[in-house]
Amino acid sequence: MVRDKTIVLGVTGSIAAYKAVELASKLTQEGARVDVVMTKAAQQFVTPLTFRTITGRPVASEMFDLASEFSIEHVALAERADLVVIAPATANVIAKLAAGIADDVLTCTVLDTKAPVIVAPAMHANMYQNRITQENIARLKERGFVFVGPGYGRLATGEVGPGRLAELDDILGTIRQVLGREGDLAGRRIVVSAGGTQELIDPVRHIGNRSSGKMGYAIAEAARDRGASVVLVSAPTALAPPAGVEVVQVQTALQMRDAVLKASAKADALLMAAAVSDYRPKAAARKKIKKEVETLSLELVRNPDILAEARGDLIRVGFAAESEDVVENARKKLEGKNLDLIVANDITASDSGFGADTNRVIIIDRQGKVESLPLLPKLEVAHRILDKVVALLSG
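Each residue of the sequence shown is one higher than the last, beginning at 27 in our numbering.
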């Protein structure tokens, strides 16, 4: 979504301006052309030379710079931009944008562009919570501006509250989401499950598995980046919720069944990447079980088959984590549940098993076609799977 796009990065006079350097670096590494626009106040915190070194491109800071490659700075930038991102955005700049004031190169660029605009506020908590600032933000949202953050935490003054610049991953996720609005999944609703469910034994113990949730989260992010409206039903993981994705947190298989069936009622596709426990204790103890005996017996009962229960006019994709006879076992699951696709992998492989950032999968379709993918980052695997989902949705 980012590669070969022209992104105008507006940097304003906030202590968080230094974080914009890393944002510019990440966007440049992903193949974007990053044109940085700095206000005079921003230059008190970071120099234009820093951004020019990172992006390899000139930095705009003056309305009329005869030495610039742009004929008229704000007009040229506005016309070239695929996206404008203001990070950090001060209360002052937000107020000027809300009022339509254009008195520097950044505000002129925003007023002149037809590209979408993302705003990442960063300021003291009292300024952010001030009624005037909130009204200005609401006014810009009504006009189509996209806001990300601010975060809650320790501020430059040492106080704690809302006003921190959003995490860079959230800003990057929002950038990809906005750039992908017209992608091949635009207008589609995609439901993804992720993580490993936990079946309670007592208040402190559970039956679980080693799933990290990384594959499911990667699919949710990839679907978001292609324009889909995404619901991610997540069992417990250590992963941060992806920006621009509706996340439903669950713990047990029964909770996941209810959430998945509800979310997929009006969905176009369901991808069950979660590792759902096959069994659960018949009854969970209300109090912690003490170590008073040498052995402990648990009576287990079968959990419901969520994919089998998910019916309706939607594409259903299953996942098979196997330790032997990978293709044969995956085929049985595909046929037994009447799936459209199944994605199988060998969990015994150290580079593509639980917790790895890469995966080596085999995709089998309803017609029996088998495609073996090489070892790839999980985000790339997610896009390969979604390529097939898109083809199925297209008939």
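The beta-carbon is built from N, C-alpha and C at its ideal position, and this holds for glycine as well. Owing to the predicted nature of the structure, the values given are computational and were not obtained by experimental measurement.
- With three or more CB-CB distances shorter than 8 Å, the segment 240 to 253 counts as touching the segment 293 to 300.
- In this structure, Asp377 and Val352 do not form a Cβ contact; the two beta carbons are roughly 15 Å apart against a cut-off of 8 Å.
- If you draw a straight line from the Cα of Phe71 to the Cα of Ala264, it comes to about 34 Å.
- Ala301 places its beta carbon 8 Å or farther from that of Ala375.
- With fewer than three CB-CB distances shorter than 8 Å, the segment 169 to 183 does not count as touching the segment 217 to 228.
- Per DSSP, the beta bridge partners of Ser398 are Ile388.
- Annotation for Pro229: no beta strand (DSSP E) segment contains it, and DSSP assigns it neither H nor E.
- A residue is called buried when at least 16 other Cβ atoms come within 10 angstroms of its Cβ; Thr79 does not meet this threshold and is exposed.
- Taking the Cα positions, Val273 is about 15 Å away from Arg283.
- At a cut-off of 4 residues, the continuous stretches assigned as alpha helix (DSSP H) that sit fully inside the segment 130 to 216 are 131 to 138, 151 to 155, 157 to 168, 194 to 205.
- Between Ser40 and Pro142 a beta carbon distance of about 22 Å is seen, past the 8 Å cut, so the two are scored as non-contacting.
- With a cutoff of 8 Å on beta-carbon distance, Tyr154 and Gly184 are scored as not near each other.
- In this model, Arg165 and Asn118 are separated by some 15 Å (Cα to Cα).
- Here Leu412 has Leu211, Ile245, Ala248, Ala249, Arg252 as same chain residues with Cβ atoms under 8 Å from its own Cβ, once five neighbours each way along the sequence are excluded.
- Looking at the DSSP output, Asp61 sits in a beta bridge with Val34.
- The three-state secondary structure of Val101, taken from DSSP, is helix.
- Following the DSSP letters along the chain, one finds Glu348 inside the beta strand (DSSP E) bounded by residues 341 to 348.
- Only exposed fits Lys288, as fewer than 16 other CB atoms lie within 10 angstroms of its CB.
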